[in-house]
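**Q** My questions will all concern the structure given below.
Number of protein chains: 4
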Amino acid sequence: MNIAIVGATGYSGIELLRLLLNHPEANLTYLISNSQSNKQLSEVYPHFSGVKESMLKTLDIPKVAKEVDVVFFATPSGVSKNFVPEFLEYGVKCIDLSGDFRLKDPLLYEKWYKNSSASEKNLEKAVYGLSEIYENDVKEASLIANPGCYPTATLLGLLPALKEKWIKSDSIIIDGKSGVSGAGRSVSIGTHFAETNENLKAYKLGSHQHIPEIEQILHTESGIQSNVTFSTHLVPMTRGIMCTMYADLQEHKSTGEIIDLYKQFYEGKPFVRIRPEDHWPTTKEVSASNYCDIGFMSDARTGRLTIVSVIDNVVKGAAGQAVQNLNIMMGLDAKTGLNLSPVYP
Amino acid sequence: MNIAIVGATGYSGIELLRLLLNHPEANLTYLISNSQSNKQLSEVYPHFSGVKESMLKTLDIPKVAKEVDVVFFATPSGVSKNFVPEFLEYGVKCIDLSGDFRLKDPLLYEKWYKNSSASEKNLEKAVYGLSEIYENDVKEASLIANPGCYPTATLLGLLPALKEKWIKSDSIIIDGKSGVSGAGRSVSIGTHFAETNENLKAYKLGSHQHIPEIEQILHTESGIQSNVTFSTHLVPMTRGIMCTMYADLQEHKSTGEIIDLYKQFYEGKPFVRIRPEDHWPTTKEVSASNYCDIGFMSDARTGRLTIVSVIDNVVKGAAGQAVQNLNIMMGLDAKTGLNLSPVYP
Amino acid sequence: MNIAIVGATGYSGIELLRLLLNHPEANLTYLISNSQSNKQLSEVYPHFSGVKESMLKTLDIPKVAKEVDVVFFATPSGVSKNFVPEFLEYGVKCIDLSGDFRLKDPLLYEKWYKNSSASEKNLEKAVYGLSEIYENDVKEASLIANPGCYPTATLLGLLPALKEKWIKSDSIIIDGKSGVSGAGRSVSIGTHFAETNENLKAYKLGSHQHIPEIEQILHTESGIQSNVTFSTHLVPMTRGIMCTMYADLQEHKSTGEIIDLYKQFYEGKPFVRIRPEDHWPTTKEVSASNYCDIGFMSDARTGRLTIVSVIDNVVKGAAGQAVQNLNIMMGLDAKTGLNLSPVYP
Amino acid sequence: MNIAIVGATGYSGIELLRLLLNHPEANLTYLISNSQSNKQLSEVYPHFSGVKESMLKTLDIPKVAKEVDVVFFATPSGVSKNFVPEFLEYGVKCIDLSGDFRLKDPLLYEKWYKNSSASEKNLEKAVYGLSEIYENDVKEASLIANPGCYPTATLLGLLPALKEKWIKSDSIIIDGKSGVSGAGRSVSIGTHFAETNENLKAYKLGSHQHIPEIEQILHTESGIQSNVTFSTHLVPMTRGIMCTMYADLQEHKSTGEIIDLYKQFYEGKPFVRIRPEDHWPTTKEVSASNYCDIGFMSDARTGRLTIVSVIDNVVKGAAGQAVQNLNIMMGLDAKTGLNLSPVYP
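Quick look at the structure:
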């Protein structure tokens with residue numbers, strides 16, 4: 001497969017590079033970066049010296065479309081919606097890591113992203129690439145809306161219990177915690193080392209653009225429309241997301257019963273690991289890998305279920321999940337090129 | 001005032017030292033450390049060289065009691081209950097930073113601490129040293145049970161709304177996040193740098209010994225007995241606690257109304273700072289200081305209130321609050337010796 | 001004393017604030033910040049809420065000069081040289097934390113700072129504020145050139161052995177290591193959390209502007225003009241500088257003899273602490289304090305002396321040393337307002 | 001190839017696991033851990049769940065020797081010397097990551113390791129596995145002494161200039177800086193998070209056991225016996241080593257000339273990357289990879305050369321280099337299984 005990456009010099013872009021360089025079927029034909037075009041990749045990121053030598057280019061759609069089978073967009077929101085339609089017309093498959101094609105309702109996009117939406121036609125065409133749930137749709141897709149980092153951790157953690165109607169959909173509270181790489185490479189006081197190190201910050205409470213994405217899928221899968229409480233926190237580490245989720249149980253289930261349900265639900269899904277009772281996931285245990293680890297505590301005292309879900313935000317929350325979608329879309333084993341052990345410690 | 005610290009070489013002990021060295025009325029008469037006795041303080045902690053030169057001693061109650069006015073216990077749970085009664089008989093005031101005298105119900109202590117309780121007589125005598133709430137009791141106290149770190153951040157964040165009956169007591173969920181100094185100086189794999197750095201871990205979900213302490217005060221202050229959901233997470237930083245709290249509003253109140261309520265409630269309380277709308281507390285903004293900063297988001301979409309509360313776990317969550325109690329108990333201004341700006345960045 | 005701080009919102013500026021708020025004789029009359037003028041200090045730095053409420057102002061020299069006794073400049077290089085002369089004419093004493101008045105030779109400034117120098121007249125007037133060496137000059141000064149962070153750690157570590165002619169001046173190699181706050185608050189890729197955390201970088205090798213400052217003082221104090229090798233490294237922590245220094249011994253001296261020499265040299269200097277044999281300084285042991293800790297290893301195998309010196313770059317390397325100079329210049333005890341224990345852990 | 005790892009649960013052991021799981025020719029037959037035997041690997045290290053499920057075993061040499069081709073020892077010093085001889089007699093090749101077979105002179109081992117040495121016969125048999133220098137010997141070896149982490153970074157940085165006699169061997173000073181994983185997984189106050197984070201420490205100055213290892217190879221390769229000054233520092237990060245090295249040039253060479261020499265010397269060596277002028281290596285640029293990056297500054301002012309060399313201590317400084325040696329010893333391409341991009345950010 002010949003592949004182009006648009007937005008190759010952001011953190012998701014270089015993680016796609018790291019993973020695809022290890023992928024036996026992928027040929028990196030074009031690395032596109034408007035901000036860094038006509039530079040060598042290794043000039044922008046010296047760690048790629050001797051690993052991948054390539055010139056960064058500006059986007060020339062007809063030229064790229066002629067040579068590649070798949071385009072990844074690792075661009076900020078508001079970019080891919082302008083280029084995806086043309087690629088699709090050329091018959092090139094698109095995997096979009098931004099939020100541009102995730103929300104089916106254009107008004108919702110406009111409200112939460114404060115920007116004009118992609119066309120309804122293309123929103124309809126887009127398949128939400130949470131392949132543990134939508135594998136069959138992904139197989140047939142020409143356009144993948146790769147899920148956001150928080151929604152990935154959240155939805156993998158909530159859906160089995162919600163679909164089984166074991167938890168009340170209107171009781172869901174998600175306390176999200178992310179490493180700083182989630183904010184991307186743009187410099188700001190909020191990601192300055194001296195302001196971030198030895199510091200824990202809450203941010204965007206109740207206004208994060210991942211809220212409608214989570215609610216859309218919860219609605220689709222449960223049949224019930226509910227609003228979630230969703231908070232986000234910036235943790236002084238580079239990689240990793242943890243979502244601690246709280247929901248009222250319809251009736252009491254033991255932690256063991258919950259674990260059994262999840263194990264059954266994710267049977268055959270290679271990237272979801274269900275933790276045994278009293279073992280809580282940690283972000284380092286999934287670092288630089290495509291795993292999502294999930295642990296549980298059902299509390300008889302309160303009638304609530306606590307679910308803890310962790311991913312590496314740059315891998316399962318972005319580039320790794322995109323490669324997983326590539327594999328499924330192209331008829332390969334989902335694990336191709338992703339068969340990597342977490343890096344520990 | 002002549003003062004003894006029992007457990008002077010733990011992290012709470014040395015923070016007491018740092019603060020009391022800056023206190024105009026305190027004279028550090030005895031530094032007790034059974035594990036390090038007969039060593040110089042500066043041998044165990046070289047940062048005290050030239051700041052405080054003192055021999056660490058074993059505990060000889062009659063001798064100490066003769067010379068001091070107040071004893072601080074900065075000991076692990078299960079220690080102070082054995083020594084406090086004798087000091088009280090000598091007429092020495094005691095401030096206990098451990099959990100030994102916080103729970104009024106001995107059975108609760110035995111259940112959550114897995115240890116035998118202090119006597120009911122002394123439990124009754126103990127005043128819970130959350131002086132923003134119990135200032136008058138603290139003034140009269142001979143024995144202070146200094147609040148735990150998580151309960152301090154939690155209770156200061158919840159009590160105004162709960163006492164006003166604006167939130168439902170049975171809907172309370174507390175997502176706690178702590179720096180690693182909260183685990184003390186004892187070495188373990190769980191606090192090893194290589195296992196903790198670049199890692200975020202959930203721990204003790206639903207079983208943390210601070211749960212009954214929080215519930216006891218919520219019960220006392222609201223008149224309603226409810227159980228809370230309480231989760232704890234270890235964040236890769238040394239100091240700081242953040243509690244993100246969720247509760248259902250009885251009826252809608254705007255964020256502004258909430259802020260007004262809290263400003264009024266904490267009027268004249270020098271260590272609580274209420275953040276303006278859309279400004280979220282961060283742990284660094286209270287680092288090495290006795291402040292508790294609190295921010296709010298009232299969400300009309302869900303009918304829930306989110307409260308974010310931060311403290312430095314070693315100061316307001318331990319030694320600083322203990323000095324604040326000392327001041328009030330001894331008739332001094334609560335700010336004496338605590339008039340320190342946060343250390344930033 | 002009435003005091004103005006020009007550049008109050010940089011990291012050195014806010015550390016001056018923290019220290020002067022704790023100073024019994026200092027009255028903060030003016031906080032000047034051109035970039036943030038007409039904002040409340042607590043708007044820019046919320047950690048000052050309730051600690052210091054003050055409006056940030058633009059610099060109006062005649063107005064400020066009328067009301068204050070001393071002006072601190074906590075500005076980037078190239079700023080203070082424009083304003084100091086006028087303040088001096090008004091009879092206002094100036095303490096400059098930038099490099100503008102440190103180098104006696106204007107050509108040297110122009111070469112290393114790539115900027116035009118202050119006038120020779122004022123360069124001559126300026127006293128280099130390393131008060132452990134130049135205390136008498138500081139007492140008489142109207143203009144203090146407060147030493148750079150690396151030079152402070154380096155010179156305190158080297159001068160006793162060099163003045164005694166125990167080490168060869170042309171053999172000196174300084175391996176400097178700094179926390180990220182040394183780079184200031186300006187945002188850049190080089191100080192972005194995700195690029196700095198879990199990373200150790202060398203920078204400005206052989207071209208750091210602190211090189212001529214170090215060489216000037218070594219020359220003055222030893223009578224011999226030599227060039228030093230000086231390397232700098234960025235360490236993933238916020239505060240702290242360590243300089244590891246290497247020099248050939250003229251003839252063998254034991255570590256114990258070296259320690260004795262330094263103890264004698266720094267007798268009565270409250271902020272220099274000489275470490276015992278086999279005890280190596282660490283940056284945390286001086287954190288948030290004005291101490292400089294120094295340790296030694298004399299190696300009979302190589303005939304070389306290794307000296308390790310640590311300071312908090314924001315305190316002894318900037319604001320703390322500036323307050324120390326203020327005290328000495330104004331006839332106060334050098335420790336006034338600086339009597340703070342390091343913050344540990 | 002069937003492979004056993006003795007000491008599979010230390011940090012070098014699990015990194016061997018991570019790399020060998022990605023190696024197309026390696027079959028992990030035995031994971032030996034005396035301290036954790038009869039536990040599942042994923043119980044000790046949950047990040048291996050679903051990646052590698054295997055029982056940890058005690059060492060039974062005859063049984064292991066019958067089934068494997070190569071044994072890796074990732075054990076503390078003093079262990080492998082007891083087991084290697086028997087494996088060699090069985091005809092099993094051994095790669096020892098500890099220091100037991102690195103020093104040719106048994107007395108030197110005894111002096112620096114404070115322990116009895118391996119037999120002279122086996123010391124003689126051992127090939128020092130710095131394969132960029134000793135590739136031909138590695139090809140023929142039955143026992144590899146895998147180099148230490150600091151010596152790897154140091155020797156790759158020094159040898160080209162030293163062998164060319166461009167630098168004076170008796171002028172060499174090495175300032176080493178390491179992440180905390182280098183101290184292994186054993187818990188201690190010195191690696192406790194709260195004591196290590198936001199802290200920079202010097203340690204083992206002049207007494208590190210890597211000193212004789214470095215001197216031995218410098219002697220062999222230059223023909224001149226000299227002592228080096230070698231200092232080590234603990235940096236608050238998990239992975240990474242940087243060695244900043246200083247040496248007097250015999251006669252002036254420009255940085256460009258130095259770079260040319262090194263590029264030529266390491267031509268065809270896939271894991272050494274020479275940085276262009278004014279580009280300094282950083283540890284993150286080699287993180288989780290087998291690269292060693294080297295940069296230079298030749299200073300006409302002082303006549304000294306500064307060399308900066310970085311590796312990931314757990315990869316090129318331990319497990320990665322061991323796999324590289326395995327490949328060469330077994331006639332495979334040196335890059336087999338090591339073709340990994342650094343993990344960034």
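Protein chains in written order, with full-length UniProt numbering: chain A, 1 to 345; chain B, 1 to 345; chain C, 1 to 345; chain D, 1 to 345.
Glycine is no exception: its CB is placed at the ideal position from the N, C-alpha and C atoms.
Note that the structure is predicted; figures quoted are calculated from it, not measured.
In the segment 108–125 of chain D, which residues sit with their C-beta less than 7 Å from some C-beta in chain B, listed in chain order?
**A** Answer set for the segment 108–125 of chain D: empty.
**Q** Among C:I328, C:T336, C:K335, C:P342, whose alpha-carbon lies nearest the alpha-carbon of Y134 of chain C?
**A** Taking the first residue of the third sequence as position 1, residue 134 of chain C is located at position 134. Ranking the options by Cα distance to Y134 of chain C, first place goes to C:I328.
**Q** Does any C-beta atom of chain C lie closer than 7 Å to the C-beta of N38 of chain D?
**A** Start at 1 with the first residue of the fourth sequence, and residue 38 of chain D comes out as number 38. Closer than 7 Å: no.
**Q** Is the Cβ-Cβ distance between P160 of chain B and Y262 of chain B less than 7 Å?
**A** Taking the first residue of the second sequence as 1, we reach residue 160 of chain B at position 160. Taking the first residue of the second sequence as 1, we reach residue 262 of chain B at position 262. Result yes, Cβ atoms of P160 of chain B and Y262 of chain B sit closer than 7 Å.
**Q** Touch check for the segment 295–312 of chain C and the segment 268–287 of chain C: three-plus C-beta pairs under 8 Å?
**A** The answer is yes - the segment 268–287 of chain C touches the segment 295–312 of chain C, with three or more Cβ pairs under 8 Å.
**Q** Among C:L97, C:G157, C:F73, which one has its Cα closest to the Cα of F87 of chain C?
**A** Locating residue 87 of chain C in the third sequence gives position 87, where the first residue counts as 1. Of the candidates C:L97, C:G157, C:F73, the one whose C-alpha sits nearest the C-alpha of F87 of chain C is C:F73.
**Q** Just confirm the distance between the C-beta atoms of G317 of chain C and C149 of chain C, as a whole number of angstroms; I'd bet it's less than 8 Å.
**A** Position 317 of the third sequence, counting from 1, holds the residue named residue 317 of chain C. Position 149 of the third sequence, counting from 1, holds the residue named residue 149 of chain C. That pair is a contact at about 3 Å.
**Q** Using CA coordinates, which residue listed in D:G50, D:M55, D:T29, D:L28 is at the minimum distance from S35 of chain D?
**A** Residue numbering aside, residue 35 of chain D sits at position 35 when the fourth sequence is read from its first letter. Among D:G50, D:M55, D:T29, D:L28, the Cα nearest to that of S35 of chain D is on D:M55.
**Q** Using the C-alpha atoms, what's the distance from V71 of chain D back to E124 of chain D?
**A** Mapped onto the fourth sequence, residue 124 of chain D falls at position 124. Mapped onto the fourth sequence, residue 71 of chain D falls at position 71. Approximately 19 Å between the Cα atoms of the pair.
**Q** By how many angstroms is the C-alpha of I14 of chain B removed from the C-alpha of L305 of chain C?
**A** Residue 305 of chain C sits at position 305 when you count from the first residue of the third sequence. Residue 14 of chain B sits at position 14 when you count from the first residue of the second sequence. L305 of chain C and I14 of chain B: Cα-Cα distance of roughly 34 Å.
**Q** Note down, in chain order, every chain D residue with its Cβ under 9 Å from the Cβ of R185 of chain B.
**A** Locating residue 185 of chain B in the second sequence gives position 185, where the first residue counts as 1. Simply I189, H192, A194, E195.
**Q** Between N325 of chain B and the rest of its own chain, which residues show a CB-CB distance below 7 Å, the 5 nearest in sequence each way excluded?
**A** Within the second sequence, the letter at position 325 stands for residue 325 of chain B. Cβ neighbours of N325 of chain B beyond the five flanking positions: I95, G129, S131, V138, I144, N146.
**Q** On the three-state DSSP scale, how would you describe A247 of chain B?
**A** In the second sequence, residue 247 of chain B corresponds to position 247, counting from 1. If DSSP states are grouped into helix, strand and coil, A247 of chain B belongs with the strands.
**Q** Keeping to the same chain, check which residues put their C-beta closer than 7 Å to that of L156 of chain B; ignore five residues upstream and five downstream.
**A** Against the second sequence, residue 156 of chain B aligns to sequence position 156. Answer for L156 of chain B: E132, V272, C292, I294, S309, listed in chain order.
**Q** Could you give the DSSP three-state label for S178 of chain B: helix, strand or coil?
**A** Within the second sequence, residue 178 of chain B is the residue found at index 178, counting from 1. Strand, per DSSP.
**Q** How should T58 of chain D be labelled, buried or exposed, when 16 other C-beta atoms within 10 angstroms of its C-beta is the threshold for buried?
**A** Locating residue 58 of chain D in the fourth sequence gives position 58, where the first residue counts as 1. Its Cβ having fewer than 16 others within 10 Å, T58 of chain D is exposed.
**Q** Rounded C-beta distance between N27 of chain C and I5 of chain C? I'm assuming under 8 Å.
**A** Start at 1 with the first residue of the third sequence, and residue 27 of chain C comes out as number 27. Start at 1 with the first residue of the third sequence, and residue 5 of chain C comes out as number 5. That pair is no contact at about 12 Å.
**Q** One question on the structure: do Y90 of chain B and A65 of chain B come within less than 7 Å of each other, judged by their Cβ atoms?
**A** Position 90 of the second sequence, counting from 1, holds the residue named residue 90 of chain B. Position 65 of the second sequence, counting from 1, holds the residue named residue 65 of chain B. Yes, the pair counts as a contact, with Cβ atoms nearer than the cut-off.
**Q** Run through chain D and tell me which residues come within less than 7 Å of S49 of chain A, C-beta to C-beta.
**A** Against the first sequence, residue 49 of chain A aligns to sequence position 49. Within 7 Å Cβ-Cβ: R273.
**Q** Per DSSP, D293 of chain C is paired with what?
**A** Within the third sequence, the letter at position 293 stands for residue 293 of chain C. Looking at the DSSP assignment, D293 of chain C forms a beta bridge with C:R273, C:V310.
**Q** Tell me which residue opens and which closes the alpha helix (DSSP H) that Y266 of chain B is part of.
**A** As a first step, residue 266 of chain B is located in the second sequence; it is residue number 266 there, counting from the start. Where Y266 of chain B is concerned, there is no enclosing alpha helix (DSSP H), given that its DSSP letter is neither H nor E.
**Q** Tell me the residue span of the beta strand (DSSP E) that contains L143 of chain A.
**A** The sequence position of residue 143 of chain A within the first sequence is 143, counting from 1. Unbroken beta strand (DSSP E) run through L143 of chain A: 143–145.
**Q** Once the 5 residues before and after W112 of chain A are set aside, which same chain residues still bring their CB inside 6 Å of it?
**A** Locating residue 112 of chain A in the first sequence gives position 112, counting from the first residue. Cβ within range, chain order: Q209, P212.
**Q** Tell me, which residues are paired with Y30 of chain D by DSSP?
**A** For the purposes of this step, residue 30 of chain D is taken as residue 30 along the fourth sequence, with counting starting at 1. The partner list for Y30 of chain D (beta bridge, DSSP) reads D:A4.
**Q** Okay, do the segment 161–174 of chain D and the segment 192–203 of chain D touch, 3+ Cβ pairs below 8 Å being the bar?
**A** Cβ pair count under 8 Å is below three, so no.
**Q** Spatial neighbours of Y246 of chain D within its chain, please: CB distance less than 7 Å, with the 5 preceding and 5 following residues excluded, ordered by chain position.
**A** Numbered from its first residue, the fourth sequence carries residue 246 of chain D at position 246. Closer than 7 Å at the Cβ level, and outside the excluded window around Y246 of chain D, lie I173, R304, T306.
**Q** Going by beta-carbon coordinates alone, are N199 of chain D and T238 of chain C separated by less than 7 Å?
**A** Position 199 of the fourth sequence, counted from the start, is the residue given in the question as residue 199 of chain D. Position 238 of the third sequence, counted from the start, is the residue given in the question as residue 238 of chain C. Contact: no.
**Q** Helix, strand or coil: which one does DSSP assign to R18 of chain D?
**A** Sequence index remark: in the fourth sequence, residue 18 of chain D carries index 18 (1-based). R18 of chain D: helix per DSSP, three-state reduction.
**Q** Along the chain, where does the alpha helix (DSSP H) that runs through S42 of chain B open and close?
**A** For the purposes of this step, residue 42 of chain B is identified with residue 42 of the second sequence, where counting begins at 1. That run of the alpha helix (DSSP H) goes 41–44.
**Q** Starting from I14 of chain D, find everything on chain A with Cβ-Cβ shorter than 8 Å and list it in chain order.
**A** For the purposes of this step, residue 14 of chain D is taken as the residue at position 14 of the fourth sequence. By Cβ distance, chain A contributes Y344.
**Q** Who pairs with C94 of chain C in a beta bridge, going by DSSP?
**A** Residue numbering aside, residue 94 of chain C sits at position 94 when the third sequence is read from its first letter. C:V71, C:L143.
**Q** Interface residues of chain C around E285 of chain B at Cβ under 7 Å?
**A** Walking along the second sequence from the start, residue 285 of chain B turns up at place 285. Correct list: P46, H47.
**Q** Let's see if you can read the secondary structure: which residues bound the alpha helix (DSSP H) around K168 of chain B?
**A** Within the second sequence, the letter at position 168 stands for residue 168 of chain B. Looking at the DSSP string, K168 of chain B is not in any alpha helix (DSSP H), and its letter there is neither H nor E.
**Q** Taking 7 Å as the threshold (C-beta atoms), are Y45 of chain B and R185 of chain B in contact?
**A** Within the second sequence, the letter at position 185 stands for residue 185 of chain B. Within the second sequence, the letter at position 45 stands for residue 45 of chain B. Contact flag unset, no.
**Q** Comparing the C-beta of V180 of chain A with each C-beta of chain C, is any distance below 7 Å?
**A** Start at 1 with the first residue of the first sequence, and residue 180 of chain A comes out as number 180. Taking Cβ atoms only, chain C reaches closer than 7 Å to V180 of chain A, which makes this a yes.
**Q** For M330 of chain B, does the three-state DSSP call read helix, strand or coil?
**A** One-based indexing of the second sequence puts residue 330 of chain B at position 330. In this structure, M330 of chain B counts as coil in the three-state DSSP scheme.
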